[in-house]
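Visitor:
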Amino acid sequence: MNNKIDVLLGLQWGDEGKGKIVDVLTPQYDIVARFQGGPNAGHTLEFGNIKHVLHIIPSGICHKEKVNLIGNGVLVEPLILQNEVASLENIGFSPKDNLYVSKKAHLILPTHRMLDAANEKSKGAQKIGSTLKGIGPAYTDKVARTGLRVGSIFSSDFENLYRKASNAHLSQIKALGYDYNEFKIDGESFEEYEAKWLKSLETLKQLTIVDSEYFLEEALASGKKVLAEGAQGSMLDIDFGSYPFVTSSNTITAGVCSGLGVAPSKIGKVFGIFKAYCTRVGSGPFPTELFDADGEKMRQQGREFGSTTGRARRCGWLDLPALKYACMLNGVTHLMLMKIDVLKNFETINICEKYEINGELTERVPYEVDAEIKPVYSVQKGWCADVDGKKSFEELPSEMQAYVNVIEEKMSLPVAVISTSPNREDTIIRTEL
Ligand code: GDP
Ligand code: IMO
Ligand code: MG
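Numbering-wise, the sequence shown is residues 24 to 456 according to the working numbering.
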């Protein structure tokens, strides 16, 4: 049997709960593969007494018998990866046994991280709000054909290649008018961090480094089941997000093909995951953003503080034009609705049905990043009940059921999964996936 690869990705601005659902679905798969992004991601898993945040390692890693693959489209920061491996070992897992890395994945160098900070500083008020993990500069090098890849660490010439790239970044920082010494990396000086980073390459070498496109091709051909795990969200996509306030990779389904080396005809189900409301970290347009007590209530009830940077997330009502756009770009087959528990104790709940731009109503996401968008809302009735621990749709408050039904109707897609708490257990799966 020649299997297809299923995809799970975020439909909003990231942090939809991808980590939780990948962890829930992993038992049904043999391989979980990240296809883009890097340590800008923060994917949270919660089970038993464990709460664990992953950045580069795929979210199936806590299932010991499953292979977790870091694909060619991902950016690897070896020291962050080493720390992730160590923290998983601390809670009883052994990622060195089931973590595979593509030879073609690009490396994030310490200087990429300083350059990210320098670029942001030079933009002033126009800054993107990057996670400062070096994502933009490392993908820039990839596209400029000056990047270093995981496979290159085995080259006898690696030190020279590293020094050349690193010096080029230091010159770029200088050209921006900064002294590199002013940029610390995770609180450390460049020299301190670099020494640790270079040492961490030894940990990377101990992992299983593969030609991941052949590995996946053979796995699918032999009937293995593969789940591709997205990072960030569709509205942060480099082409279709609110450019330039985006990340530097294709976060949509198309990114699976280039980020793992699988043909479009091999894509199977596409699970589109979204919260019952919206959040965004960093700069850029957010039509339904709330600046009032309701927004603060969402932030507190949803614990909306970044998994990677700790920043408070901007919060707002569900945005259907953006959600429809994301479904269109991704070919979503199943919707997964997250964090519906967070909307409790709101008398009414708004859903943005359309945008009003310059007096005109539209359902399209505008090209202009500075468009003045007025959200046009329909109003649903709220609920007061706690729902964590509820195991079926029928047990949910009738107003919550109505909210889900409205979403399904407006999206013309089934909501296959409803998540009611951060915990693995609190997941209502309504249709066979
Ligand atoms: P990801 O980046 O898409 O994996 O999402 P994050 O892990 O950054 O953010 C999602 C946050 O919401 C995490 O703290 C999760 O533990 C939590 N979470 C996930 N699903 C639910 C849910 O259904 N209800 C609540 N209250 N929290 C959830
Ligand atoms: P997960 O996978 C939310 C945002 C940053 C910034 C912009 C560019 O956890 O959903 P970058 O560091 O990529 O250059 O930052 O993208 N961003 C995310 N926001 N969740 C993420 O990942 C994000 N990764 C990047 O805040 O606005
Ligand atoms: Mg996250």
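Glycine included, every Cβ here is placed at the ideal spot set by N, Cα and C.
Remember, it's a predicted structure, so these values are computed and weren't measured experimentally.
So, are the CB atoms of Val-166 and Leu-130 less than 9 Å apart?
Guide: Within the sequence shown, the letter at position 143 stands for residue 166. Within the sequence shown, the letter at position 107 stands for residue 130. In this structure, Leu-130 does not lie closer than 9 Å to Val-166 by Cβ.
Visitor: At 3 residues or longer, and completely inside the segment 81 to 145: list those beta strand (DSSP E) runs for me, N to C.
Guide: 90 to 93 and 122 to 125
Visitor: Helix, strand or coil: which one does DSSP assign to Gly-339?
Guide: Sequence index remark: in the sequence shown, residue 339 carries index 316 (1-based). Three-state DSSP puts Gly-339 in a strand.
Visitor: Quick check on the DSSP output: the beta strand (DSSP E) that includes Tyr-378 runs from which residue to which?
Guide: Here residue 378 corresponds to residue number 355 of the sequence shown, with the count starting at 1. Segment 371 to 380, the beta strand (DSSP E) holding Tyr-378.
Visitor: So, using beta-carbon positions, are Ile-363 and Ser-401 closer together than 9 Å?
Guide: Against the sequence shown, residue 363 aligns to sequence position 340. Against the sequence shown, residue 401 aligns to sequence position 378. No, Cβ-Cβ distance for Ile-363 and Ser-401 is not below 9 Å.
Visitor: Touch check for the segment 51 to 68 and the segment 316 to 326: three-plus C-beta pairs under 8 Å?
Guide: no
Visitor: If you follow the beta strand (DSSP E) that Asp-29 is part of, which residue opens it and which one closes it?
Guide: The residue you call residue 29 lines up with position 6 of the sequence shown. Per DSSP, Asp-29 belongs to the beta strand (DSSP E) from 28 to 33.
Visitor: State whether the segment 26 to 35 contacts the segment 347 to 358, with contact taken as three or more CB pairs (one from each stretch) at a distance under 8 Å.
Guide: With a cut-off of 8 Å, the segment 347 to 358 and the segment 26 to 35 count as touching, because enough Cβ pairs lie within range.
Visitor: Could you tell me the boundaries of the beta strand (DSSP E) in which Gly-295 lies?
Guide: To locate residue 295, count along the sequence shown from 1; it is residue 272. 290 to 298 is the span of the beta strand (DSSP E), which, as asked, contains Gly-295.
Visitor: So is the beta-carbon of Gln-149 under 8 Å away from any non-hydrogen atom of the ligand IMO?
Guide: Reading the sequence shown from its first residue, position 126 is the one you call residue 149. Answer for Gln-149: no, Cβ out of range of the ligand IMO.
Visitor: Pair every Cβ in the segment 293 to 312 with every Cβ in the segment 88 to 107, then say whether three or more of these pairs are closer than 8 Å.
Guide: no
Visitor: Counting only runs of 3+ residues fully inside the segment 381 to 438, write out the beta strand (DSSP E) ranges in chain order.
Guide: 383 to 385 and 396 to 404
Visitor: Output yes if chain D places a C-beta closer than 9 Å to the C-beta of Ser-444; else output no.
Guide: Any reference to chain D falls outside this structure, which holds one protein chain only.
Visitor: On the three-state DSSP scale, how would you describe Phe-309?
Guide: Counted from its first residue, the sequence shown places residue 309 at position 286. It is coil, neither helix nor strand.
Visitor: Mind checking whether Thr-270 and Asp-262 have CB atoms under 9 Å apart?
Guide: Counted from its first residue, the sequence shown places residue 270 at position 247. Counted from its first residue, the sequence shown places residue 262 at position 239. Their beta carbons are not under 9 Å apart, which means Thr-270 does not touch Asp-262 by this criterion.
Visitor: Only counting the same chain, and skipping five residues up and downstream in sequence, which positions put a Cβ closer than 6 Å to that of Val-293?
Guide: Locating residue 293 in the sequence shown gives position 270, counting from the first residue. Val-30, Thr-276, Asn-353, Gly-354, Val-355 and Thr-356.
Visitor: Quick check: is any heavy atom of the ligand MG less than 8 Å from the C-beta of Ser-330?
Guide: Position 307 of the sequence shown, counting from 1, holds the residue named residue 330. Checking every heavy atom of the ligand MG against the Cβ of Ser-330, one is found closer than 8 Å.
Visitor: Can we count Asn-63 as close to the ligand IMO, meaning its CB is less than 8 Å from some heavy atom?
Guide: What you label residue 63 is simply residue 40 of the sequence shown in a count that begins at 1. Answer for Asn-63: yes, Cβ within range of the ligand IMO.
Visitor: What are the uninterrupted segments assigned as beta strand (DSSP E) that are 3 or more residues long and contained completely in the segment 197 to 226, given in chain order?
Guide: none
Visitor: Hey, would you say the C-beta of Ser-257 is under 8 Å away from at least one heavy atom of the ligand SAH?
Guide: The ligand SAH is not among the ligands present in this structure, which contains only the ligand GDP, the ligand IMO and the ligand MG.
Visitor: Using only the heavy atoms of the ligand MG, determine whether one of them is closer than 8 Å to the beta carbon of Asp-38.
Guide: Counting from 1 along the sequence shown, the entry for residue 38 is found at position 15. Checking every heavy atom of the ligand MG against the Cβ of Asp-38, one is found closer than 8 Å.
Visitor: What does Lys-150 pair with, by DSSP beta-bridge criteria?
Guide: Counting from 1 along the sequence shown, the entry for residue 150 is found at position 127. Paired residues: none, contrary to the question.
Visitor: For the ligand GDP, is there any heavy atom lying closer than 8 Å to the beta carbon of Ile-84?
Guide: Numbered from its first residue, the sequence shown carries residue 84 at position 61. The answer is no for Ile-84.
Visitor: Would a C-beta distance cut-off of 9 Å place Val-233 and Ala-251 closer than the cut-off?
Guide: Stepping through the sequence shown from its first residue, residue 233 is reached at position 210. Stepping through the sequence shown from its first residue, residue 251 is reached at position 228. No, the pair does not count as a contact, with Cβ atoms beyond the cut-off.
Visitor: Relative to the C-alpha of Ser-153, which residue among Val-388, Phe-268 and Gly-405 is closest?
Guide: Walking along the sequence shown from the start, residue 153 turns up at place 130. Checked all of Val-388, Phe-268 and Gly-405; the closest Cα to Ser-153 is Phe-268.
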